[in-house]
Amino acid sequence: MRPIKLTISAFGPYAKETEIILDELGERGLYLITGDTGAGKTTIFDAIAFALYGEASGNEREPGMLRSKYADPKTPTFVELEFFYQGQNYHIRRNPEYMRPKDRGEGMTLQRADAVLEFPDDRLPVTKAKEVTKAVTELIGLDRGQFTQIAMLAQGDFMKLLFSKTEERSKIFREIFHTRPYLAFQEKMKNTSGRLQEQYEDVSKSILQYMKDISCDEDDVLAADVKKIRESKAVVHADKVLELLETLTNQDADSVKEKKKNLTKIEKNLEELNQRIGKAEAVIRAKKELEKAEQTIAEKTPTLEELEMALKKEQGKVPEREQLTEEIGKRQEKLAEYDELKKLQKQIKELEKQIEILKGRESRYQEKKAQMQTQLEQKRNLLEELKDAEIKVLKVTAEQKEVSVRKETAEDILIQYKRYQRQKKSVEEAQKAYLVMQEECTERKTQLAWMERAFLDEQAGILAKVLKTGEPCPVCGSVHHPCPAQMTEGAPEKEELEKYRKETADVEKKTNDASFKANEKLVQLKALEEEIQKSVKSFDSSIQEEEIEKSLALIGQQMDALEKSEKELEKKLEVAKEAVAEKQKLEAEIPELEQMQKKLQEEEQERRDQLLVSERDKANAEEQAVKVRGKLEFPEKAEAEQKIKELDKQKKEIDKDLNVAQKAFQDCSQSVEAAKTKKKTLEKQIAGNKETDMEELGQARQEVSGAKKELQKQMEEIRIRYENNLKIRNAIDKQSAKLLELERNWTQVREISDTVNGKIKGGSKEKIKFETYIQTNYFDRIIARANTRFMVMSGGQYELKRQTDTDDRKSQSGLELNVIDHYNGSERSVKTLSGGESFKASLSLALGLSDEIQASAGGIQLDTMFVDEGFGSLDEESLEQAMKALNGLTEGNRLVGIISHVQELKARIEKQIVVTKEKAGGSRVELKID
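In short: position in the sequence shown from 1, add 1, done, that's my numbering.
See below:
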């Protein structure tokens, strides 16, 4: 990937739109990016990284911070990058999120981040910031982290890589070589081991708790063993605990069986006692109830006789009740006549109202009839006035058409005149072009004549130069040469003369072509002029002007008059059309009014007929109402209904007294009969039963019940203890099996976790995590690649080596770095190197890392690389060695840009990008290609 052109606008220190043609730097070699501190040297690489991935090269700069503080608010912030990759050119444009002025109104608005990637073929462009970043990553084969590690070697970053400890270097490699899955595996094993340990401890605690809950009688021979198990703080052998629990549960089961037998005997004795007590209590209750029955018979027999006499008295009122019922029925039938009278009265009122309404319509009818007659006469008169409206429309339309035709003719003439003006201008331009060509042709012919003369004179001078006295001239044959020709200063060569002669001929041909073209356009102009004169005479024969402009002025005056006439005719036509519309409207309205007049007369006749019918119906209803009213006892229905209510009340009082007497007699009679029946039953029940000592039976039952409760209490205690111990035995049995399984799994996972997390016990083993172990393979290859350059830059003195031993066995290791000094055969930490040596080592390591990333990413080759600062710490010899190594990077069409302000580099590197701060704010860029 090689950048061709970079455009930066309102980005970082670049306030204005700045274009950098990177293609002018060539395809290989070193170039220098130099300039003032803070001018924006590194920003050039930031802009490239941002265009590709939407982020700058450094993590400290967020996309939202990239807007230039020096830029005009209206200047957009964006980066455009055209780059060359695998034989094709790609174009990308991207802008960050920033605030800009609103397109309409005042204030600021948020410009959303956006991007577009254009392909060299017919593929559709990719849009949206995230989609473009994804497409670039797939195209180049590198993500942002890998690209910045390969393409930009910043001093701070690769010095950090040189001196980092294992943990820090591991974090760097994790992002570059994507070893996070191995770290995730380490964490997964660690978490799994911890989880299994927690489960193991939880199950152990559970078993201990179950052991503490074992129940046992204090007098039991096993009580001492149970106490020992309860007080245990560690899980003892589960089989012994289970054996003890089985013994306890078996003892309790046998004890329960024995007590159940005793309980059955007690319950049988208690049942016999309850039966005897129940029988004795029944006899006592029967005697008391017999006394109550005899008392009831004695008290209610006299009352029953009195109630019988009262009932006979009420039964004697039945004829009176029947007479009341008959009278009520007749009066209820009469109520319908009151309803009929009310209906007739309502009908009379409705008819009176209807008659009043019909009489009131008479005056409205006469008023409406007069209005309608007036309207009809007015419309007939107006229709007579508008009888010629259509003829007026036709007349105005004809006049309008005539004016329109003349106006169109005048407009056509004006269009012809515009064509004439264009053609006239074209003729003038062609004539002017011809005169210019003619002047050039004349000058060239004059110059050609001089050049031909000078050329011939030059040829004579050349011959004269070689003439010798006594030798014949090759032109005239004379052996005497008193006045030989001199060489002309500035004479042309033969090739130059021939070239000029050919060019002059071409100019002469172009001059002739220009003359023909100008003449042709002039002929066309005259034809147009004749055509316009003909059209003018056809339009108005009275116009006799020879000049076109004067004729057109007269036509323009007539055009004004025609437009005025056209507007007046439009108004007349509108008035005439309105008259026609009004006439048509009247022709439709008059028949409608006549029809309405006829309908009004019909409605009036219908009203009169309806009035006669209503007056007749009212008289009939009044006559019938008088007849009905004469038959009624009361003037109002309410009075008749009140009379019915009074009669009904008398009837209900008779019914009520009869019902009360009947119920009282029946209740008393049933009570006496029930008492007599119960007396006979109780006398039979009591006969033959002796007196029983209830106190003695009660004492015996109480003693037996107490023995039963005590036995049940003992059985419940044993049952609870049995179920508790049985539950504990089952739980410990289950949890013990689970504990064994957890112990086996935890042991296996813990060993794997300790191995991959570098926690293997034993002082002789190197503590390397699994991820670090994978990273050492990359690191070894990086070191091997770095040493090919470090050996060159150090003059063969130094070689990098991964440290395999560590003094601190407690800390993590595997990615520490040493240096071998081949001058004295020693191996020591890279931290002992001097400043210049450290720079060379870190630069070599960074270049080795860059090579390894490209190789691990599928052999991707970037054609551009940036190296940022660090050269100021090198002496002249070291600088020469570093330059030699960097020059080696440029082999195979690679450009290497060095970002530095070191003066010696300015003298060594010819191709430069110079970044300069502007006094007004912002920076500018200049390319120097010597």
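Every residue, glycine too, gets a C-beta built ideally from N, C-alpha and C.
If we count the other Cβ atoms within 10 Å of its Cβ and call it buried at 16 or more, is residue i buried or exposed?
i: Trp451; result: exposed
i: Gln147; result: buried
i: Ala506; result: exposed
i: Arg365; result: exposed
i: Ser615; result: buried
i: Gly108; result: exposed
i: Gly279; result: exposed
i: Ala399; result: exposed
i: Asn788; result: buried
i: Val520; result: What sits at residue 520 in the sequence shown is Asn, not Val. With fewer than 16 other Cβ atoms within 10 Å, it is exposed.
i: Asp253; result: buried
i: Asn382; result: exposed
i: Thr134; result: buried
i: Asn660; result: exposed
i: Glu838; result: buried
i: Asp123; result: exposed
i: Glu168; result: exposed
i: Ser835; result: exposed
i: Ser233; result: exposed
So residue i and residue j are supposed to be a Cβ contact under 8 Å. How far apart are they, rounded?
i: Ile230; j: Leu740; result: Not quite, the Cβ-Cβ distance comes to about 17 Å (not below 8 Å), so this is no contact.
i: Leu33; j: Ser901; result: 7 Å
i: Thr78; j: Ala11; result: 4 Å
i: Leu264; j: Lys714; result: With a Cβ gap of about 11 Å, Leu264 and Lys714 do not count as contacting.
i: Arg745; j: Leu271; result: Not a contact, Cβ separation roughly 60 Å.
i: Trp747; j: Gln198; result: 6 Å
i: Leu612; j: Leu342; result: Wrong, their Cβ atoms sit about 26 Å apart, outside the cutoff.
i: Leu526; j: Tyr418; result: Between Tyr418 and Leu526 the Cβ distance is about 12 Å, and since that is not below 8 Å, they are no contact.
i: Lys335; j: Ala641; result: 7 Å
i: Ile854; j: Ile49; result: Not a contact, Cβ separation roughly 17 Å.
i: Glu772; j: Tyr183; result: 4 Å
i: Asp37; j: Lys918; result: 5 Å
i: Glu338; j: Lys644; result: Wrong, their Cβ atoms sit about 14 Å apart, outside the cutoff.
i: Ile556; j: Ala411; result: 5 Å
Taking the DSSP output, what are the residues bridged to residue i?
i: Lys6; result: Glu83
i: Pro77; result: The partner list for Pro77 (beta bridge, DSSP) is empty, contrary to what the question assumes.
i: Met66; result: None, per the DSSP bridge assignment.
i: Ile34; result: Ile900 and Ile914
i: Met100; result: Leu111
i: Thr180; result: Beta-bridge pairing links Thr180 to no other residue.
i: Gln602; result: Paired residues: none, contrary to the question.
i: Phe517; result: Answer is none; Phe517 lacks a bridge partner.
i: Phe12; result: Tyr15 and Arg68
i: Asp90; result: For the sequence presented, residue 90 should be read as Asn rather than Asp. Asn90 is bridged to Phe85.
i: Ile21; result: Leu7
i: Val428; result: Looking at the DSSP assignment, Val428 forms no beta bridge with any residue, so it has no partner.
Among the options, which has the Cα closest to the Cα of residue i?
i: Gly922; options: Ala16, Val397 and Ser10; result: Ala16
i: Leu154; options: Gln525, Phe46 and Glu169; result: Phe46
i: Val437; options: Lys511, Arg454, Phe178 and Arg420; result: Lys511
i: Thr250; options: Leu727, Ala130 and Glu98; result: Leu727
i: Val897; options: Glu247, Leu880, Leu863 and Val903; result: Leu863
i: Ser814; options: Met794, Arg29 and Ile761; result: Ile761
i: Leu246; options: Val227, Val404, Ser737 and Glu772; result: Val227
i: Glu409; options: Gly797, Asp561 and Gln316; result: Asp561
i: Ile783; options: Leu848, Ala371 and Gln448; result: Leu848
i: Glu391; options: Arg196, Ala582 and Lys103; result: Ala582
i: Asn1; options: Asn894, Ser851 and Pro4; result: Because the chain in this structure spans residues 2 to 931, residue 1 falls outside the shown range and cannot be described.
i: His238; options: Phe791, Ser205, Cys217 and Asp255; result: Ser205
i: Gln798; options: Tyr779, Gln804, Val820 and Ile655; result: Val820
i: Asp389; options: Glu579, Glu368 and Glu328; result: Glu579
i: Glu18; options: Asp24, Leu31, Val80 and Tyr201; result: Val80
i: Ala1; options: Ala72, Leu140 and Gly55; result: Outside the shown range of the chain (2 to 931) lies residue 1, about which nothing can therefore be said.
i: Lys679; options: Gln598, Glu430, Lys289 and Ala461; result: Lys289
Go through the segment 754-829 residue by residue and report every complete run of the beta strand (DSSP E) that reaches 3 residues or more, in order.
799-803 and 818-822
Contained beta strand (DSSP E) runs [length at least 3] in the segment 606-642, N- to C-terminal order
none
Report the start-end ranges of each beta strand (DSSP E) in the segment 102-174 that is 3 residues or longer and not cut off at the edges.
109-112, 115-119 and 153-155
For the segment 323-347, which segments carrying the alpha helix (DSSP H) assignment without a break, of at least 4 residues, lie completely within its bounds, in sequence order?
none
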